[in-house]
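A quick write-up on the structure given underneath.
Protein chains in written order, with this note's numbering: chain A, 1 to 113; chain B, 1001 to 1864.
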C-alpha cells in the first residue's frame, strides 16, 4: 500500500501538472501551486515530491529546451502517466464517497447567537 | 562573493553546485535562475536574493544531496570503539590530559578577554540618538617636528565654527579647564574629575538621567550633575539631590559615561571658565582646553561639512600667519562611531585606540599559536609514548586512517573540553577582570565570538590529532619498536628530544620577551622627573592684572607659603602648542625649530630650584628674559656653527640666551621621549597661573587661608586649587592601565608555556620510568638519578638559550615606539631571564623525576 499511497501534496502536484498540460515544469508547477494553496512552497520540497511520484510511476519526465533566462540550462517537463491518472480517480472517488455519506445537517455552520 | 548586480549570489550558487547531485543540478539551477529573474521584477533585487538564498538552503534534502562516500573505516560500530579507547586512554593519563586541557583553556580564556575588550570598546557610543550625524572635530597640527592629531582644539575655534558652519545643528563643548575639584568626602580629600559643558552637550549626548534632569544644570552656576558611580560611592540615593560636593550643589545624577561612551568624567557643570579675556587661553597655540562635537543637520553630507571645515582651516592659518612659523592647522571630522578607537591624542578615558587594538589582536594571535603549538606538542609526546601500541596495531593490520581517527577523536575531545572550560573561566572571572583594568567589559559574549573560538578549538584538536596520526601511519613498523635507527633517519628518540627542546625554546623566548617588556615599562613608570609636585598647588587666576598683583602679594605674605611662581598655565596638564624658534646666528627667517615653551616668572626658580643646572653666572641675568632648556632642546638646537649655549633664541621678536638646563624636563607625553622644551623666564608680570609651594606641616591651614583670600578678591569665582602631584600621577594613568593589561596578558602567556613545560616534565619522567627503575636496582641514589635527568635538561636549556635570546632581542628592538626612557638591553637581562627560567624548569623536572624515582622499582619494571 505504501508504494501506491498518494500524499496530499503529491495529489496537489499531480493535479497541478494536469492543469498546466504541456507547460508543466519546475517553475510553472511551483507558481501554480503557490497560487492555489495561497502559501509558498520551496523548490526543494517540490523536487522531493516530484521525485517520489516519478519513482512510484505516477509521473514521467523529459528534458526540454534551454534558454537565456535559465543560463542556458534545459527545463525538465513532467507528465502524468496513466497510472497516476488512475490513482487520482481512485482518490477522488474515495473522497466523494466519504462526502456523500455525511448527513447535510452535519455540514451546516453553527455560530454562537 | 562579488555578485553581478542582477545575478544571484555566486557563493550560494557554488554551494548548490557542491551539494547537488550531478544529474539534477542543471534542472534545479536553471529553475532557480529563472525564478530569480521573475522575483527581481516583482520584488526588487535584495528580496530576490534573499529568496534565492533560502531556496538553496531548502535544497538540503536527501533527494537532492550528493551521496558522500564514507570511508569504510568510519562505520558506526568502529567509531564507537574509537570513542571507548579514547576515554580509556584519557583516564589512564588523567593528570597529563588535565594539564593539557587547563593550559589550552587558560590560553583561550585570555583571548576571550582580549576579544571582549575590543568588542566592548566597539559597542561604545552606540546609544546616542542620530549617532550617524555626530562628529568630533579633531585638530591635526603640522609643525616642523612633524604631524600630530589631537582630540582637543582651541577655545577660539568654537566661535569660528558657529559662524562658518550653519550646517551644524548643535555644537557641544567640553572644556578641560576644570580638571579636578577637591572635596572632603567620607572624611578624606578626594579629587573628582569634572568637565564644563554647554547646553548643546545634552542635545548631542543624550545620556540617561538616573535622578534629576539635565536642564537643572543650567539653572544655577553652582549646580553639578554627578555620575551614578560617584553617587553609589559617597551618597545616598534618597538624599543626593541638593547635597553639596565642595562648593557645588548636586542637581542631578547621570548614568556612568565610561560604560556606554568614550567620555569619562565624574561630574559635569555648566560654568566653564570664560577665557575670552585671557590672551593665553584664547591663543591658538593652546589647543588642549576644549573638545568640540557637532551634530550635522539631516540630509547634509559629511564630505560637504568637511570641505567647509578645510576652508575654515585655511582661513585661520592665513589669519595667524602660521606659514611663517612653519605651522599648519587642519580641522578634521571624526564620526562618532570611530571616536572610541581613535588614534588622536588626549582621547579621554580608558579606551583602546585602533593601534592598541591591533597590538592586542597580534598578542592574541601569538597566544593562540603558542596554545596550539603547546597542545600539539603534548599530543605528539603522548602519541610517542604509545609507539609500541601503535606498532602492534599496525602489525595486526590496522588501516592507515584508523590510527589517524583514533588520535583525532582523543585530541578533539580534549580540545573541546578545553573550550568549555575556557567559557567557564571567562564567566567566573569577568567581574574581577573588569575591576582590575579600566576597560569596559561586557559580561556576555557575542555568538560569533563563541563560534570563532569553538572553531579554533576544533581546528587545534584536528591538527594535533592529524599530525601525529599521519606521522605514525607512515612510519615503518620497525622504527616504532627501535629507539634509534643508527642511520640518518628520523627516529622516535630524536623526535622526542626535538619536541622537548622546541617546547623549552618557545617558553624561554616568551619568558625573556616578557621580562624585557616589563623592565621597559617599569623604567617608564619610575622615570625621574625634575618636579615631584609635592607641596605644590596651582591656581588659575581670572584675567585681571591689578587684582592678580594684589592677590599674589597677599598670598606671598602668608606664613605657610614657601615660594610663589607665576606661569602662563598649569604645567603638565596636557600639552602646549609648539613654537617655531629662531636662532640668532641663522639669517634665514624661515629657518625654525619646534619647541614647547612655557613662560614663567623668576618665582619659578625658587619653587623648582633643585632641578636647575646653571650654565652661566646668575648675576648676568638681571632683567633680561632667558631660557632653561631640556636635553632634547640642547641636542636639536645645536648645529655645526654654534652649540645651543653659544647663541640666542627668539619666539618672534627679541633674542634671549639659554642660562641653564633642566635635563629631564618633559612638557609633552611622559611615556614618549621628551620633545625639545624650555621654560622661558620672563619678567612679564603678572602671568595668569600661580604655582604655590606650601609648607608641609601647615598645608591644610595655608590652603584654607588662600581660599579665604581668593574669595575676598574674586567673590564670584570658585576657588579651584589643583594639586600638582595629582596631575603628575594622572599623566601616567592611561599608560599604567595599559601596563597592567600587558602584565596580565604576559603572565597568562608565561603560565601557559610553563604548563606546557610541566606536561613535558611529566612526559619525560614517565618515559624514563624503566630506566630510573633499573638504575635504582643497580644502586643509584635518588639524588644521582635526579642529577642525571637534569643533565639532559641543561643541554636543552643551553640550546634554547642560543636560539631564544637573539630572537627575543630582535623582536624587542622591532618595537616601533619611541620611549621616554628607552631600555638599554644588556646581557644582564638575558642572563637574569635565563637563570630564573632555568630555576623554574629544574624545579619542575626535579619534582616530577623525584616522584617517579621514589616509586618502588619493582612496580615500574613490572608494568608492560
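C-beta: ideal position from N, C-alpha, C; glycine also.
Can you pull the chain B residues whose beta carbon is under 7 Å from the beta carbon of residue i, in chain order?
i, result
"residue 42(A)", "1055, 1058"
"residue 106(A)", "Chain B residues near residue 106(A): none, gap ~40 Å exceeds 7 Å."
"residue 70(A)", "1030, 1033, 1034"
"residue 16(A)", "Ordered by position in chain B, no residue passes the 7 Å Cβ test against residue 16(A), which lies about 15 Å from the chain."
"residue 26(A)", "1027, 1031"
Using a threshold of 9 Å, state whether the C-beta atoms of residue i and residue j are closer than that.
i, j, result
"residue 20(A)", "residue 32(A)", "yes"
"residue 1720(B)", "residue 1539(B)", "yes"
"residue 1677(B)", "residue 1666(B)", "yes"
"residue 1192(B)", "residue 1312(B)", "no"
"residue 1581(B)", "residue 1637(B)", "yes"
"residue 1594(B)", "residue 1326(B)", "yes"
"residue 1316(B)", "residue 1167(B)", "no"
"residue 1268(B)", "residue 1217(B)", "yes"
"residue 1106(B)", "residue 1752(B)", "yes"
"residue 1169(B)", "residue 1294(B)", "yes"
"residue 1513(B)", "residue 1811(B)", "yes"
"residue 1599(B)", "residue 1649(B)", "no"
"residue 1742(B)", "residue 1517(B)", "yes"
Cutting at 6 Å between CB atoms, please list the residues of its own chain near residue i, excluding the five before and the five after it.
i, result
"residue 1890(B)", "The structure shown does not extend to residue 1890(B), since chain B spans only 1001 to 1864, so no value can be given for it."
"residue 1533(B)", "1724, 1725, 1728"
"residue 1713(B)", "1547, 1551"
"residue 1614(B)", "1660"
"residue 1002(B)", "With a pLDDT of only 43 at residue 1002(B), under 50, the local geometry of the prediction cannot be trusted, and the value read off the model is given with reservation. Hits under 6 Å: none found."
"residue 1336(B)", "1125, 1131, 1134"
"residue 1605(B)", "none"
Does the beta-carbon of residue i, which I'm using as the reference point, lie nearer than 8 Å to any heavy atom of the ligand SAH?
i, result
"residue 1512(B)", "Of the ligands one can find in the structure shown there are none, so the ligand SAH has no counterpart to examine."
Give me the chain B residues within the contact set of residue i, using Cβ-Cβ distance strictly less than 8 Å, ordered along the chain.
i, result
"residue 117(A)", "Since the first residue shown for chain A is 1 and the last is 113, residue 117(A) is missing from the structure and cannot be characterised."
Quick one: residues in its chain with C-beta nearer than 8 Å to the C-beta of residue i, no 5 flanking neighbours on either side, listed in chain order?
i, result
"residue 1851(B)", "1765"
"residue 1158(B)", "1171, 1173, 1290, 1292"
"residue 17(A)", "24, 29, 59, 78, 79, 80"
"residue 1119(B)", "1442, 1446, 1449"
"residue 1412(B)", "1458, 1461, 1462, 1465"
"residue 1064(B)", "1019, 1020, 1021, 1024, 1028"
Quick one: give me the first and last residue of the beta strand (DSSP E) that residue i is part of.
i, result
"residue 1843(B)", "Taken as a continuous stretch (DSSP letters only), residue 1843(B) belongs to no beta strand (DSSP E), being part of the alpha helix (DSSP H) at 1827-1853."
"residue 1227(B)", "1223-1227"
"residue 1644(B)", "Careful: residue 1644(B) lies outside any beta strand (DSSP E) and carries neither H nor E."
"residue 1569(B)", "No beta strand (DSSP E) contains residue 1569(B), which DSSP labels as neither H nor E."
Starting from residue i and walking both ways along the alpha helix (DSSP H), at which residues does that stretch end?
i, result
"residue 1202(B)", "1200-1204"
"residue 1269(B)", "Per DSSP, residue 1269(B) belongs to no alpha helix (DSSP H); it is in the beta strand (DSSP E), 1267-1269."
"residue 1796(B)", "1782-1813"
"residue 1159(B)", "1157-1164"
"residue 89(A)", "82-101"
"residue 1637(B)", "1631-1637"
"residue 1548(B)", "1545-1557"
"residue 1025(B)", "1022-1043"
Taking all protein chains shown into account, decide if residue i is buried (16 or more other Cβ within 10 angstroms of its Cβ) or exposed.
i, result
"residue 1252(B)", "buried"
"residue 1866(B)", "Because chain B here runs from 1001 to 1864, residue 1866(B) falls outside it and cannot be looked at."
"residue 1162(B)", "exposed"
"residue 44(A)", "buried"
"residue 1623(B)", "exposed"
"residue 1284(B)", "buried"
"residue 1286(B)", "buried"
"residue 1488(B)", "Because the pLDDT at residue 1488(B) is just 47, under 50, the model does not fix this residue reliably, and the point stays unresolved."
"residue 7(A)", "exposed"
"residue 1628(B)", "buried"
Chain A partners of residue i, CB-CB under 7 Å?
i, result
"residue 1061(B)", "44, 48"
Can you pull the chain A residues whose beta carbon is under 8 Å from the beta carbon of residue i, in chain order?
i, result
"residue 1064(B)", "44, 47, 48"
Leaving out five residues before and five after residue i in sequence, what residues of the same chain have Cβ atoms less than 7 Å from its Cβ?
i, result
"residue 1419(B)", "1108, 1453, 1454, 1457"
"residue 1651(B)", "1579, 1581, 1597"
"residue 1320(B)", "1284"
"residue 1199(B)", "1218"
Residues of chain A with CB under 9 Å from residue i, in chain order?
i, result
"residue 1049(B)", "Ordered by position in chain A, no residue passes the 9 Å Cβ test against residue 1049(B), which lies about 15 Å from the chain."
In chain B, which residues lie less than 9 Å from residue i when you measure between Cβ atoms?
i, result
"residue 51(A)", "1024, 1063, 1064"
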